[in-house]
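**Student:** Structure incoming, see below.
There are 2 protein chains.
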Amino acid sequence: MPQTMTSADLRVHNQIRLLRAVHDAAEPFTRAEAARLLGIGRNTAAALVGELERARLLHEVPAESGARGRPTTMLVPHPEGPVAFAVDFREDSWTLASVELGGAITELEAAEHDRTPAVFAAIRAAVARHETPRLAVLGFATSGPIRDGHRLHISHLGWDEVELNELVGDDWPATVIDNDARLAGLAESRRGALRGMGTAMHFHIDFDIGGTLLLDGDAQRGAHRIAGEFGHMPLTGSPLACMCGVRGCWSLDVGANALVRRFGGEPGYGTGRELAQEVLRRAEAGDPEAVSALDDNAAALGRGLGALANALDPEAISLSGMGVDLIRLRRPLIEAQCAEGLMAFRRDEPPTIMAGTVGEQGPLRGAAEMAWDAILDPDRLRERLHSG
Amino acid sequence: MPQTMTSADLRVHNQIRLLRAVHDAAEPFTRAEAARLLGIGRNTAAALVGELERARLLHEVPAESGARGRPTTMLVPHPEGPVAFAVDFREDSWTLASVELGGAITELEAAEHDRTPAVFAAIRAAVARHETPRLAVLGFATSGPIRDGHRLHISHLGWDEVELNELVGDDWPATVIDNDARLAGLAESRRGALRGMGTAMHFHIDFDIGGTLLLDGDAQRGAHRIAGEFGHMPLTGSPLACMCGVRGCWSLDVGANALVRRFGGEPGYGTGRELAQEVLRRAEAGDPEAVSALDDNAAALGRGLGALANALDPEAISLSGMGVDLIRLRRPLIEAQCAEGLMAFRRDEPPTIMAGTVGEQGPLRGAAEMAWDAILDPDRLRERLHSG
DNA sequence: AGTTTTTGTTCTCGATAAGAACATAACAAG
DNA sequence: CTTGTTATGTTCTTATCGAGAACAAAAACT
């Protein structure tokens, strides 16, 4: 029982419903349409919008009138309203972007980095270069699990429980951080292939597999915020020991690491990724050993997805990273192996497996969604409404 | 955006908060305590309770005064208020009970059955024998997955997609049906070992393993309402083919079926369960082969739990059915194997593994919770408040 | 130019919860 | 036995919210 529910809370609640409708809509809509959408009267809509306009959250612009009736206004994000910054922090580069209500995104800066935690200072400096009073919340996507929201662990970079509270300190704007695979899934769930689904899953396949379970548009985090290591379940019977400390992980058979290992490459970041891409190209060209490696990879992917579908029953599964290549090149094999892993009675209704539509921008857009979730929080909104 | 949020909805919302507080509380509390708990004024609490009293949902009884201050009243379920009926339908027997607000349970009837769908008529007759105007919703727990909420599949009974809409027809009271393993988990989450946890899991181990992911006190159902078949993921490397149509299922190594197979018994319900219990007894007595079988079973359980914890990051995992015996007899082995399956960086914070505290009543109590969730639905409550 | 259609605006109304002031009924202290 | 203390119940006022009806306004259609 957190807080009471009073008339003022009611107003904030309905204003958030309105803002979220604007944020989530594919096309902008008018104030009258908003009233119908939310099931409120036109007078109430006018009052809600009026306050939000004064708080610089919404802006009304004259709608070009094509139909009959008195002219109305479109509800658009306020030009001086809050924005979210989003950072996609990768193993060798980062991107900073600004995202408005509604999802319009502007890339601000991008750079490579030296794989030491010093990069956080560089990112902070970039944020400072672009900082504006409009910046409300910064969403930060990084690879690797983040325990309890502040202890970052990226084994590939040799980062062992890096303390984020020391790197992202009080001089940062309000910041929310999460895992890239989870945020990519969140982006698909909010603005991509999984939009509107009650139960879905997303997997990002890079060197290994990370993913997330998406329920009603929310990415599940787990008790210590480190849910999503689906790649470290023994789903395909591998006998090998995994870098994570477990034997037989799914990720040993799916993803770039599996390809690289097969061709004797180094499982590092620079050359490893190139080699994996090279294998995919050779497989497309028909090289028998590359074809075999690709087939094994795709088959293992499908087998694992079937197993997970038995347990979690997603409506659809979207893929990003190398998963996009796998589904493009070997969809029938993946689906056949998925069916093989599905309990017989489920095979007539298998989960849809598809490439994500947000693509490479997944972590960035997911970070923005996470930041906007924080901006559209009742307490924060109440404060903003009453201060201005 | 389903419904609007008006002042009347606010009242219902707060009344539901109050009713749920009463329902979930371990000990009854007074009206003044309720006001503090919900963060509302005493006057508001009086108004809310007054309406709920008139609607026969709450009842105020004088509290024995031990302390100073003006005497107050305890909030208890109304003696003429709605009740939920709960049915636990097992493979050879069923139980019918009545459950009040707050969880007080009264067993009404129990019987064996002949394993044909005709048993539904017998259960309906039992419900009729005990039916009262107080009956609001019937919660029904059955083993086996129920696709889309109405197609029941129990392979052990030879029931292949039995159409529940034909068996539970218009002559039934309002009925909600779900899977027994999921409802056992719901019971643990609401009234048992998992109470108050944000992310937890429950597994019921019988002939095989069924389970559920519990998030904020809610059991996840999946897109087709058939989530939870964790036992049919290949987590332990078994080479065998499973009855479900997949190869290598976890359930081939954990549960009564694994014990029965090892000792050459029939994997049927009557003798199979007895044989499994016999093996457990012999293992306790020190019989080497039984000990080995029990060890294998427990080790496979732990190994699978570790894998699942990597993916879903539960705070705790509770067990029912044969899982209670396994945790009692082989906790160290289970925990060691779980740690082996956990990614190295998680091993210092493993999920708590424990026996459920609701025990055999899990499905029944879970069915009651599900039914009460339906009773405490805003629409239903609004109707009840305005009709009386 | 008049009609139709859609939306904006204004006003009233009922309901909600907050808050303050006061009443009440127990226990405790003298 | 009387008086004070304390926690709670009760009453009344007030601000706010959304609903709803009536009316005004502005476009397109006829």
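So the protein sequences, as listed, match chains G and A. Letter by letter, the first sequence follows residues 6 to 393 of the working numbering. Letter by letter, the second sequence follows residues 6 to 393 of the working numbering. Virtual Cβ for every residue (Gly too), placed ideally from N, Cα, C.
1. Tell me whether Gly311 of chain A sits in a helix, a strand or coil according to DSSP, three-state version.
2. Does the distance from the C-beta atom of Asp93 of chain A to that of Ala130 of chain A stay below 8 Å?
3. What does Cys249 of chain A reach in chain G if we use C-beta pairs closer than 7 Å?
4. Using Cβ-Cβ distances below 8 Å, what residues of the stretch 189-206 of chain G are close to chain A?
5. If you count every other CB in all the chains shown that lies within 10 Å of the CB of Asn48 of chain G, and 16 or more means buried, which is it?
6. Starting from the Cα of Leu338 of chain A, find the closest Cα among A:Ala141, A:Leu172, A:Asn302 and A:Glu114 and give me that residue.
7. In whole angstroms, what separates the C-alpha of Gly190 of chain G from that of Trp99 of chain A?
8. Roughly how many angstroms lie between the CA atoms of Leu62 of chain G and Asp378 of chain G, to the nearest whole one?
9. Going straight from the alpha carbon of Met10 of chain G to that of Pro33 of chain A, what length do you get?
10. Could you tell me which uninterrupted beta strand (DSSP E) segments, each at least 3 residues in length, are contained entirely in the stretch 182-245 of chain G, listed from first to last along the chain?
11. Quick one: Cα of Glu117 of chain A to Cα of Gln366 of chain A, how far?
12. Which residues share a DSSP beta bridge with Thr147 of chain G?
13. Which runs of the alpha helix (DSSP H) spanning at least 4 residues fall entirely within the stretch 82-136 of chain G, listed in chain order?
14. For Pro122 of chain G and Val181 of chain G, which I take to be in contact (beta-carbon distance under 8 Å), what is that distance rounded to the nearest angstrom?
15. Nearest to Ile110 of chain A by alpha carbon, out of A:Glu374, A:Asp384 and A:Leu245?
16. Report the option in A:Glu136, A:Glu354 and A:Ser297 whose CA atom is closest to the CA atom of Leu331 of chain A.
17. So which residues of chain G does His158 of chain A contact, with C-beta pairs closer than 7 Å?
18. Any C-beta of chain A sitting closer than 8 Å to the C-beta of Glu96 of chain G?
19. With a cut-off of 8 Å, does the C-beta of Ile210 of chain A fall near any C-beta of chain G?
20. If you pair each beta-carbon of the stretch 153-160 of chain A with each one of the stretch 132-143 of chain A, do three or more pairs fall below 8 Å?
21. Starting from the beta carbon of Ile231 of chain A, find every residue of chain G whose beta carbon is closer than 8 Å, and list them in chain order.
22. Does any residue of chain G have a CB that is nearer than 8 Å to the CB of Ala228 of chain A?
23. Helix, strand or coil for Arg389 of chain A, going by three-state DSSP, please let me know.
24. Comparing the C-beta of Glu234 of chain A with each C-beta of chain G, is any distance below 8 Å?
25. Within the 8 Å Cβ cut-off, does Asn184 of chain A reach chain G?
26. Below 8 Å on C-beta distance, what does Leu220 of chain G contact in chain A?
27. Short check: CB of Leu386 of chain G to CB of Val88 of chain G, under 8 Å?
28. What residue range does the alpha helix (DSSP H) around Arg156 of chain G cover?
29. Leaving out the 5 sequence neighbours to the left and right, which residues in its chain are closer than 7 Å to Leu172 of chain A when beta-carbon positions are compared?
30. For the alpha helix (DSSP H) that contains Pro67 of chain A, what are its first and last residues?
31. Expressed to the nearest angstrom, what Euclidean distance is found between the alpha-carbon atoms of Ala13 of chain G and Ala37 of chain G?
32. Would you mind working out which of G:Leu15, G:Ile21 and G:Ala60 sits nearest His391 of chain G, comparing C-alpha positions?
33. Quick check: is the beta carbon of Glu354 of chain G nearer than 8 Å to any beta carbon in chain A?
34. With DSSP collapsed to three states, give me the class of Pro383 of chain G.
35. Between A:Glu388, A:Gly269 and A:Asp258, which has its C-alpha nearest Gly307 of chain A's C-alpha?
**Tutor:** So, from the data block:
1. helix
2. no
3. Met348 and Ala349
4. Met202, Gly203, Thr204 and Ala205
5. exposed
6. A:Asn302
7. 42 Å
8. 14 Å
9. 23 Å
10. 204-210 and 214-220
11. 17 Å
12. G:Phe94 and G:Asn184
13. 124-135
14. Pro122 of chain G to Val181 of chain G, Cβ: 19 Å. No contact.
15. A:Glu374
16. A:Ser297
17. Phe350
18. no
19. no
20. no
21. Asp318 and Arg351
22. yes
23. helix
24. yes
25. no
26. Leu220 and Gln225
27. no
28. Careful: Arg156 of chain G lies outside any alpha helix (DSSP H), inside the beta strand (DSSP E) at Arg156 to Ile159.
29. Pro122 and Phe125
30. Element bounds for Pro67 of chain A: not the alpha helix (DSSP H) but the beta strand (DSSP E), Leu63 to Pro67.
31. 23 Å
32. G:Ala60
33. yes
34. helix
35. A:Asp258
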